[in-house]
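The next block holds one structure in the form of structure tokens; read it before the comments.
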Amino acid sequence: MSTSNQQRCGFVAIVGRPNVGKSTLTNALIGAKISIVSRKSQTTRHRIQGVLTRDNQQFVFIDTPGFQTRHGGAMNRMMNRVVTQALSEVDVVVHVVEAGKWSAGDENMLPLLPQNKQVILVLSKIDALKNKAALFDFTAKLIAKYPYDAVVPVSALKDTQLDILLDEIAQRLPVGEFMFDEDALTDRSMRFIAAEILREKIFRLVGDELPYSSTVLIEDWQEDDQGVRINACVVVEREAHKPILLGAGGQHMKRIASEARQEIRAMLEKPVFLEVFIKVRKGWSEHEGALRDLGYE
Numbered sequence: 001m002s003t004s005n006q007q008r009c010g011f012v013a014i015v016g017r018p019n020v021g022k023s024t025l026t027n028a029l030i031g032a033k034i035s036i037v038s039r040k041s042q043t044t045r046h047r048i049q050g051v052l053t054r055d056n057q058q059f060v061f062i063d064t065p066g067f068q069t070r071h072g073g074a075m076n077r078m079m080n081r082v083v084t085q086a087l088s089e090v091d092v093v094v095h096v097v098e099a100g101k102w103s104a105g106d107e108n109m110l111p112l113l114p115q116n117k118q119v120i121l122v123l124s125k126i127d128a129l130k131n132k133a134a135l136f137d138f139t140a141k142l143i144a145k146y147p148y149d150a151v152v153p154v155s156a157l158k159d160t161q162l163d164i165l166l167d168e169i170a171q172r173l174p175v176g177e178f179m180f181d182e183d184a185l186t187d188r189s190m191r192f193i194a195a196e197i198l199r200e201k202i203f204r205l206v207g208d209e210l211p212y213s214s215t216v217l218i219e220d221w222q223e224d225d226q227g228v229r230i231n232a233c234v235v236v237e238r239e240a241h242k243p244i245l246l247g248a249g250g251q252h253m254k255r256i257a258s259e260a261r262q263e264i265r266a267m268l269e270k271p272v273f274l275e276v277f278i279k280v281r282k283g284w285s286e287h288e289g290a291l292r293d294l295g296y297e
């Protein structure tokens with residue numbers, strides 16, 4: 001716990017190469033699903049703020065996309081801008097590295113870590129590490145590469161050492177008043193999160209066939225005492241993507257919509273009527289204007 005009774009509040013960037021568990025960690029720290037999660041890299045495309053208030057501390061976590069180095073293109077340039085901007089604006093940086101695994105993608109993150117900020121190294125997925133004894137040597141190797149201010153091994157899935165990580169972050173937050181209500185969980189709207197939930201279902205069910213050429217727009221959202229009526233549009237880049245998304249007899253799309261509706265209903269705690277349409281917008285992910293039109297920063 002904090003050693004001071006003063007209120008502390010600040011921004012915390014969670015960064016790392018794609019697929020190291022940033023979104024899973026963010027959700028576990030906040031105790032609610034703010035960021036969508038899948039095994040595919042590039043699942044997180046936006047800068048998503050999640051809020052945790054604990055006693056006299058308020059953490060504003062920024063879950064960023066994985067820093068992309070393998071592919072060019074407008075989408076990856078946009079996502080990399082989100083990462084570098086987040087690093088310049090926060091108070092504390094949490095660099096997530098998968099325990100026991102160091103790759104060129106991790107190495108490429110090091111020059112981006114800001115010299116003038118406190119940086120905590122988080123070794124994620126320690127529950128999956130076969131040889132726990134090797135963690136000491138692995139950690140020593142990483143500390144030799146970068147002067148981290150603290151190192152915390154965690155398992156977000158098993159809730160291991162998350163309190164210790166929060167304590168390490170808390171003592172580095174600036175003294176200041178809370179920016180959000182104490183019960184706030186995110187700065188994103190329910191509409192945004194609903195679109196992200198639908199996108200997660202697409203990634204999980206047809207992600208191998210339709211990797212990164214689909215996005216989701218909520219075109220209409222009507223809410224009353226009876227529930228919420230949502231018209232969602234899945235935007236794809238080619239006509240050939242439509243049958244992949246629909247599946248035989250429309251079964252893929254039915255399952256995607258059904259799973260998304262159930263999760264949105266649980267989040268909103270009221271009935272949800274969800275209609276999903278598919279539109280083709282050629283080459284949207286390669287044009288910065290189209291990305292902006294579709295809600296990307």
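The opening residue of the sequence shown carries number 1 in full-length UniProt numbering; numbering runs sequentially from there.
All C-beta atoms, glycine included, are put in the ideal place defined by N, C-alpha and C.
Quick caveat: nothing in here was measured; it's all calculated off a predicted structure.
Could you please give me the residues that DSSP links to residue i through a beta bridge?
{"i": "Leu-121", "result": "His-95 and Val-151"}
{"i": "Gly-10", "result": "Phe-59"}
{"i": "Ile-218", "result": "Ala-232"}
{"i": "Glu-275", "result": "Asn-231"}
{"i": "Thr-186", "result": "Gly-50"}
{"i": "Val-15", "result": "His-95"}
{"i": "Val-175", "result": "Arg-8"}
With DSSP collapsed to three states, give me the class of residue i.
{"i": "Ala-232", "result": "strand"}
{"i": "Asp-224", "result": "strand"}
{"i": "Arg-191", "result": "helix"}
{"i": "Lys-282", "result": "coil"}
{"i": "Val-90", "result": "coil"}
{"i": "Gln-161", "result": "coil"}
{"i": "Arg-54", "result": "strand"}
{"i": "Gln-49", "result": "strand"}
{"i": "Val-20", "result": "coil"}
{"i": "Asn-108", "result": "helix"}
{"i": "Gln-262", "result": "helix"}
{"i": "Gly-249", "result": "helix"}
{"i": "Glu-168", "result": "helix"}
Just confirm the distance between the C-beta atoms of residue i and residue j, as a whole number of angstroms; I'd bet it's less than 8 Å.
{"i": "Phe-138", "j": "Gly-176", "result": "About 36 Å separates the two Cβ atoms, so there is no contact after all."}
{"i": "Val-12", "j": "Leu-185", "result": "Between Leu-185 and Val-12 the Cβ distance is about 15 Å, and since that is not below 8 Å, they are no contact."}
{"i": "Ile-169", "j": "Ala-194", "result": "About 29 Å; that fails the 8 Å criterion."}
{"i": "Pro-114", "j": "Val-97", "result": "Rounded, the Cβ-Cβ distance is 17 Å, inconsistent with contact."}
{"i": "Gly-21", "j": "Ser-124", "result": "4 Å"}
Does residue i have its Cβ less than 7 Å from a Cβ in chain B?
{"i": "Leu-274", "result": "The displayed structure is made up of one protein chain only, and chain B is not part of it."}
In angstroms, rounded to a whole number, what distance separates the CA positions of residue i and residue j?
{"i": "Leu-112", "j": "Arg-17", "result": "12 Å"}
{"i": "Leu-294", "j": "Glu-275", "result": "At Leu-294, the pLDDT of 45 sits below 50, so the modelled position is not reliable; the number obtained from the coordinates is stated separately. Roughly 19 Å separates the two Cα atoms."}
{"i": "Thr-26", "j": "His-241", "result": "32 Å"}
{"i": "Arg-281", "j": "Cys-233", "result": "11 Å"}
{"i": "Ile-264", "j": "His-95", "result": "31 Å"}
{"i": "Glu-196", "j": "Val-216", "result": "7 Å"}
{"i": "Leu-121", "j": "Asp-225", "result": "46 Å"}
{"i": "Ala-128", "j": "Ile-164", "result": "19 Å"}
{"i": "Gln-7", "j": "Ala-257", "result": "43 Å"}
{"i": "Asp-106", "j": "Lys-141", "result": "13 Å"}
{"i": "Thr-116", "j": "Val-60", "result": "According to the sequence shown, residue 116 is Asn rather than Thr. The alpha-carbon atoms of Asn-116 and Val-60 are separated by roughly 19 Å."}
{"i": "Leu-135", "j": "Val-151", "result": "11 Å"}
{"i": "Ile-143", "j": "Gln-161", "result": "20 Å"}
{"i": "Arg-255", "j": "Arg-199", "result": "13 Å"}
{"i": "Ser-155", "j": "Met-179", "result": "28 Å"}
{"i": "Ile-278", "j": "Arg-229", "result": "17 Å"}
{"i": "Asp-181", "j": "Asp-149", "result": "30 Å"}
{"i": "Ile-126", "j": "Glu-239", "result": "43 Å"}
Would you decide whether residue i is buried or exposed? Buried here means 16 or more other CB atoms lie within 10 Å of its CB.
{"i": "Lys-153", "result": "Per the sequence shown, the amino acid found at residue 153 is Pro instead of Lys. Pro-153 should be labelled buried."}
{"i": "Leu-110", "result": "exposed"}
{"i": "Gly-10", "result": "buried"}
{"i": "Ala-260", "result": "buried"}
{"i": "Asp-220", "result": "exposed"}
{"i": "Ala-248", "result": "exposed"}
{"i": "Lys-201", "result": "buried"}
{"i": "Asp-91", "result": "buried"}
{"i": "Ala-266", "result": "exposed"}
{"i": "Ala-133", "result": "exposed"}
{"i": "Phe-273", "result": "exposed"}
{"i": "Ser-189", "result": "exposed"}
{"i": "Ser-88", "result": "exposed"}
{"i": "Glu-269", "result": "exposed"}
{"i": "Gln-251", "result": "exposed"}
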